[in-house]
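**Student:** Before I ask anything, let me first share the structure, which is written out below as structure tokens.
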Amino acid sequence: MRDTLLQGLRTPLTEPAPADDDPELAALAAAVSEATEHTLGRSLAIRHVDAGSCNGCELEIHALGNAFYDLERFGLRFVASPRHADALLVTGPVALNMREALRRTYDATPAPKWVIASGVCAAHGGVFAGSYAIAGGVASVIPVDLVIPGCPPSPAALLKGLLAVMRGAKPHRERR
Amino acid sequence: MRTGDLRARKLGFGDWERCAQRLAAGEATLVSLWGDAGGMRMALREPDGAISLVEASCEAGAFPSVAAWHPPASRLERAACDLFGFTALGAADDRRWLDHGCWSLRHPMGAASVREGPPDPYPFLEAEGPGLHQIPVGPVHAGIIEPGHFRFNAGGETVVRLEERLGYVHKGVEALMCGASLERAAVLAGRVSGDSTVAYAIAFARAVEAALGVEAPARAHALRGLMAELERIANHFGDVGAICNDAAFALMHAHCGVLRERTLRAAGSAFGHRLMMDAVVPGGVAVDLSPDGAQAIRSLVHNVRTTFPKLIKLYDNTASLQDRTVGTGVLKAELARWFGAGGVVGRASGRDVDARRDHPYPPYDAIAFRVPTRREGDVNARIWVRIDEVAESLDLIEAILARPPDGPISVALQAPSGGCEGLALVEAFRGDVFVHVRLAEGAVARCHLRDPSWFQWPLLEAAIEGNIVADFPLCNKSFNCSYSGCDL
Numbered sequence: 006m007r008d009t010l011l012q013g014l015r016t017p018l019t020e021p022a023p024a025d026d027d028p029e030l031a032a033l034a035a036a037v038s039e040a041t042e043h044t045l046g047r048s049l050a051i052r053h054v055d056a057g058s059c060n061g062c063e064l065e066i067h068a069l070g071n072a073f074y075d076l077e078r079f080g081l082r083f084v085a086s087p088r089h090a091d092a093l094l095v096t097g098p099v100a101l102n103m104r105e106a107l108r109r110t111y112d113a114t115p116a117p118k119w120v121i122a123s124g125v126c127a128a129h130g131g132v133f134a135g136s137y138a139i140a141g142g143v144a145s146v147i148p149v150d151l152v153i154p155g156c157p158p159s160p161a162a163l164l165k166g167l168l169a170v171m172r173g174a175k176p177h178r179e180r181r
Numbered sequence: 499m500r501t502g503d504l505r506a507r508k509l510g511f512g513d514w515e516r517c518a519q520r521l522a523a524g525e526a527t528l529v530s531l532w533g534d535a536g537g538m539r540m541a542l543r544e545p546d547g548a549i550s551l552v553e554a555s556c557e558a559g560a561f562p563s564v565a566a567w568h569p570p571a572s573r574l575e576r577a578a579c580d581l582f583g584f585t586a587l588g589a590a591d592d593r594r595w596l597d598h599g600c601w602s603l604r605h606p607m608g609a610a611s612v613r614e615g616p617p618d619p620y621p622f623l624e625a626e627g628p629g630l631h632q633i634p635v636g637p638v639h640a641g642i643i644e645p646g647h648f649r650f651n652a653g654g655e656t657v658v659r660l661e662e663r664l665g666y667v668h669k670g671v672e673a674l675m676c677g678a679s680l681e682r683a684a685v686l687a688g689r690v691s692g693d694s695t696v697a698y699a700i701a702f703a704r705a706v707e708a709a710l711g712v713e714a715p716a717r718a719h720a721l722r723g724l725m726a727e728l729e730r731i732a733n734h735f736g737d738v739g740a741i742c743n744d745a746a747f748a749l750m751h752a753h754c755g756v757l758r759e760r761t762l763r764a765a766g767s768a769f770g771h772r773l774m775m776d777a778v779v780p781g782g783v784a785v786d787l788s789p790d791g792a793q794a795i796r797s798l799v800h801n802v803r804t805t806f807p808k809l810i811k812l813y814d815n816t817a818s819l820q821d822r823t824v825g826t827g828v829l830k831a832e833l834a835r836w837f838g839a840g841g842v843v844g845r846a847s848g849r850d851v852d853a854r855r856d857h858p859y860p861p862y863d864a865i866a867f868r869v870p871t872r873r874e875g876d877v878n879a880r881i882w883v884r885i886d887e888v889a890e891s892l893d894l895i896e897a898i899l900a901r902p903p904d905g906p907i908s909v910a911l912q913a914p915s916g917g918c919e920g921l922a923l924v925e926a927f928r929g930d931v932f933v934h935v936r937l938a939e940g941a942v943a944r945c946h947l948r949d950p951s952w953f954q955w956p957l958l959e960a961a962i963e964g965n966i967v968a969d970f971p972l973c974n975k976s977f978n979c980s981y982s983g984c985d986l
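Taken in sequence, the protein lines are chains B and Y.
Okay, so the first sequence: first residue is 6 according to the working numbering, each after it adds one.
Okay, so the second sequence: first residue is 499 according to the working numbering, each after it adds one.
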């Protein structure tokens, strides 16, 4: 009986998976990807990291949540853990005492991920450039996709930057 | 507070220690403790309100520890030792404070040497007992706040011991100040703690003006007062809302957020920057107030007077909210006195102190105002001090706007031929900011900036004891100490 039941199944009958470069698959994927991005790609979970800011940027990032800017209406929201985040919003000239914590936060964020540097300090160290205690800009520690200038950037400028990332940026896969 | 012909009294180690003993005995209050070329300096507030400045030479690289007698000096002393390489003889806690082992230099402001070897270990203080467990939090926190590490020892839900470890946002501000022009140094001072940028800029400007023996014009003083009070109410709105939010009362947060935003917009239209950064400069102010700006501030005051009382009523009548804030995170009056805590934290625990009144400077020397205090020392008291201070600030703003002096907004500063020193004490929204500056050849030779939070952070460790871990955000927000201001 056992032999009968297994008869004919011992030899693999399963078709091989379509090759990655199968043209038909690629065409279908392209078609569905646009639709998916349009339908689902309208939110961005953001993890904020203060890597040595004077706290000025934080005040204006906070303001994004008030009734005037109300960032959640755009699908933008701040999350409590890098593991829940699509994007890191990093402030400060990266104090050396925060460099390791920033790296670990980046590593804990699942790919694909974006990094936004907020303010002139995060861009290149700002007024703190040249200090023994700073790394000098977020890009000197982790890859940066967008810099929002300002000291601090206004909530309106922050909002534009975050929307630009949500709408335009392409994921950077596995860049370390 | 300002002194034209300021000179620190040079003390031998014996007299230096006697100063520390006077602090411990409560005969004087510690204003600050910092390193300078060749020695340690200390500022004390005498019982008559005068600030005295003393100096101990550290030729052999060591000085008698102040913290050994007066523990509130401990973190300032550890920070100075990290930066200058001095040894505090007899100190009970000689762990590094600002130096986390990440810089390429040791003692960057003293006899700097290249760092070799791994960072020093940082053993946290222990708590022993059955069922105790540790909860490490930070430096990256869950909210949009500054980084710092909190090590909780808890028995079940109850905090047995909290130890803070700060220094993560140390940027080397005081080292950048050395040799900086007055213009650049003012910009740096305005970025010590972004939420207190006006207060720091005023404190730095007043210290420089004291050193040079010049007085800013009357109109500049009035505009500085206006900016300082706008900064105070903006922060108080933010804090009241955020404390309530940490007690899960989001409605209050939403409404306070609107008031804060309106304040920042009025400040932006009046002074060209929402936080008013770089608007105060040594010698006066950089931006004059236009009639439109004055009108924006008047509309703001009117709006706050209409809406804020309703929010206060909402706070006072919401039992579930009061349940979280009343009796939570009590800071005992004797601890606040011992640490010389200023600001909301000190005043909510019975300390009747305010630099605007106790070390009067324009425009406050000519306007009467009340300094609200409470005795309970809990989260609720700290909320009420903020609420009452908003009312005083609104009166101050209206008084200044009613009779703004005419005339120039700044005076030109003459670079001195030799060296000179000056100090200033200015009331920020957190408490008294102390700045000491030494000038040489028209540039800053050394500038020390002491945030009020130095004497408030350690008290948070005491206030949280016996409270549940879940109430920590509430307690922490009600203190709202600065990370960047202390880490520098």
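Even for Gly, the Cβ is constructed at its ideal location relative to N, Cα and C.
Owing to the predicted nature of the structure, the values given are computational and were not obtained by experimental measurement.
My understanding is that residue 647 of chain Y touches residue 596 of chain Y, with C-beta atoms under 8 Å, so please give their C-beta distance in whole angstroms.
**Tutor:** No, residue 647 of chain Y and residue 596 of chain Y are not in contact; Cβ-Cβ is about 13 Å, not under 8 Å.
**Student:** Taking one C-beta from the region 638-645 of chain Y and one from the region 562-581 of chain Y each time, how about it: are there three or more such pairs within less than 8 Å?
**Tutor:** Touching, no, given that fewer than three Cβ pairs across the two stretches are closer than 8 Å.
**Student:** With a threshold of 16 other CB atoms inside 10 Å of the CB of residue 617 of chain Y, please say whether the residue is buried or exposed.
**Tutor:** It counts as exposed.
**Student:** So is residue 753 of chain Y buried or exposed if we call it buried at 16+ other beta carbons inside 10 Å?
**Tutor:** When all chains shown are included, residue 753 of chain Y counts as buried.
**Student:** Along chain B, in chain order, which residues have C-beta atoms closer than 8 Å to that of residue 666 of chain Y?
**Tutor:** Result: 57, 100, 102, 103 and 106.
**Student:** Just checking residue 984 of chain Y against the ligand ADP - is the residue's beta carbon closer than 7 Å to any of the ligand's heavy atoms?
**Tutor:** With respect to the ligand ADP, the structure offers nothing, as it holds no ligand at all.
**Student:** Please report whether the beta-carbon of residue 110 of chain B lies at a distance below 8 Å from any beta-carbon of chain Y.
**Tutor:** For residue 110 of chain B, the answer is yes, since a Cβ of chain Y falls inside 8 Å of its Cβ.
**Student:** Measure the Cβ-Cβ separation of residue 755 of chain Y and residue 766 of chain Y and say whether it is below 8 Å.
**Tutor:** Not a contact, by the Cβ cut-off of 8 Å.
**Student:** Who are the Cβ neighbours of residue 673 of chain Y in its own chain at under 6 Å, not counting the five residues just before and after it?
**Tutor:** These residues qualify, in order along the chain: 606 and 607.
**Student:** Leaving out five residues on either side along the sequence, give the residues of the same chain with a beta carbon under 8 Å from the beta carbon of residue 560 of chain Y.
**Tutor:** Cβ within range, chain order: 584, 585, 586 and 587.
**Student:** In angstroms, rounded to a whole number, what distance separates the CA positions of residue 745 of chain Y and residue 877 of chain Y?
**Tutor:** About 11 Å.
**Student:** Indicate whether residue 123 of chain B and residue 59 of chain B have their beta-carbon atoms separated by less than 8 Å.
**Tutor:** The answer is no: Cβ separation not under 8 Å.
**Student:** Can you tell me the Cβ-Cβ gap for residue 828 of chain Y and residue 110 of chain B, rounded? I've got them flagged as a contact below 8 Å.
**Tutor:** Between residue 110 of chain B and residue 828 of chain Y the Cβ distance is about 35 Å, and since that is not below 8 Å, they are no contact.
**Student:** Can you find a CB in chain Y that lies within less than 8 Å of the CB of residue 157 of chain B?
**Tutor:** With 8 Å as the cut-off, residue 157 of chain B counts as an interface residue toward chain Y.
**Student:** Extract the residue ranges of the alpha helix (DSSP H) inside the region 90-157 of chain B, only unbroken runs of 4 or more that lie entirely within it.
**Tutor:** Segments of the alpha helix (DSSP H) lying fully in the region 90-157 of chain B: 101-113 and 124-129.
**Student:** Provide the residue span of the beta strand (DSSP E) that contains residue 656 of chain Y, from first to last.
**Tutor:** From DSSP, the beta strand (DSSP E) with residue 656 of chain Y extends over 656-663.
**Student:** Exposed or buried, what is residue 633 of chain Y when buried is set at 16 or more other beta-carbons lying within 10 Å of its beta-carbon?
**Tutor:** Residue 633 of chain Y comes out exposed.
**Student:** Going along the chain, which unbroken runs of the beta strand (DSSP E) with 3 or more residues stay wholly within the region 609-647 of chain Y?
**Tutor:** List check, beta strand (DSSP E) in window: 630-635.
**Student:** How would you list, in chain order, the residues of chain Y whose beta-carbon sits under 9 Å from the beta-carbon of residue 72 of chain B?
**Tutor:** Correct list: 752, 753, 755, 756 and 759.
**Student:** Take the Cβ of residue 178 of chain B as the centre, count every other Cβ of all protein chains shown within 10 Å, and call the residue buried at 16 or more, exposed below.
**Tutor:** Bear in mind that the predicted position of residue 178 of chain B carries a pLDDT of just 39, short of 50, making it too unreliable to give a figure here.
**Student:** If you measure from the beta carbon of residue 136 of chain B to each beta carbon in chain Y, is any gap under 8 Å?
**Tutor:** It does; some Cβ of chain Y falls within 8 Å.
**Student:** Determine the DSSP secondary structure at residue 561 of chain Y, reduced to helix, strand or coil.
**Tutor:** Strand.
**Student:** For the candidate residues Y:844, Y:853, Y:895 and Y:785, whose alpha-carbon lies nearest to that of residue 803 of chain Y?
**Tutor:** The shortest C-alpha separation from residue 803 of chain Y is found at Y:895.
**Student:** Does residue 734 of chain Y pass the burial test, meaning 16 or more other C-beta atoms within 10 Å, or should it be called exposed?
**Tutor:** It counts as buried.
**Student:** Flag residue 864 of chain Y as yes if its beta-carbon sits less than 8 Å from any beta-carbon of chain B, otherwise no.
**Tutor:** No, its Cβ sits nowhere closer than 8 Å to a Cβ of chain B.
**Student:** Identify every run of the alpha helix (DSSP H) within the region 804-837 of chain Y, keeping only runs that are complete inside it and at least 4 residues long; order them along the chain.
**Tutor:** Fully enclosed alpha helix (DSSP H) runs of 4 or longer: 817-823 and 831-837.
**Student:** From residue 623 of chain Y to residue 591 of chain Y, what distance separates their C-alpha atoms?
**Tutor:** Rounded to the nearest angstrom, the two C-alpha atoms are 10 Å apart.
**Student:** Hey, is residue 79 of chain B's beta-carbon within less than 8 Å of any beta-carbon in chain Y?
**Tutor:** No, residue 79 of chain B does not count as interfacial toward chain Y.
**Student:** Give me the DSSP bridge partner(s) of residue 19 of chain B.
**Tutor:** Partner(s): none; residue 19 of chain B has no beta bridge.
**Student:** Looking only at its chain, what residues have a beta carbon closer than 7 Å to the beta carbon of residue 556 of chain Y, apart from the 5 residues adjacent to it on each side?
**Tutor:** The residues are 536, 537, 538 and 584.
**Student:** Quick check on DSSP: helix, strand or coil for residue 541 of chain Y?
**Tutor:** Residue state, collapsed to three classes: strand.
**Student:** Keeping to the same chain, check which residues put their C-beta closer than 8 Å to that of residue 657 of chain Y; ignore five residues upstream and five downstream.
**Tutor:** The residues are 650, 651, 962, 963, 964, 965, 966, 967 and 970.
**Student:** Leaving out five residues on either side along the sequence, give the residues of the same chain with a beta carbon under 8 Å from the beta carbon of residue 593 of chain Y.
**Tutor:** Correct list, in chain order: 576, 618, 620 and 621.
**Student:** Straight-line CA distance for residue 874 of chain Y to residue 710 of chain Y?
**Tutor:** The alpha-carbon atoms of residue 874 of chain Y and residue 710 of chain Y are separated by roughly 43 Å.
**Student:** Closest by CA to residue 55 of chain B, which one among B:171, B:151 and B:121?
**Tutor:** The shortest Cα separation from residue 55 of chain B among B:171, B:151 and B:121 belongs to B:121.
**Student:** Using the beta-carbon of each residue, which ones in chain B are nearer than 7 Å to residue 669 of chain Y?
**Tutor:** What residue 669 of chain Y touches in chain B: 57, 98, 100, 133, 136, 138 and 139.
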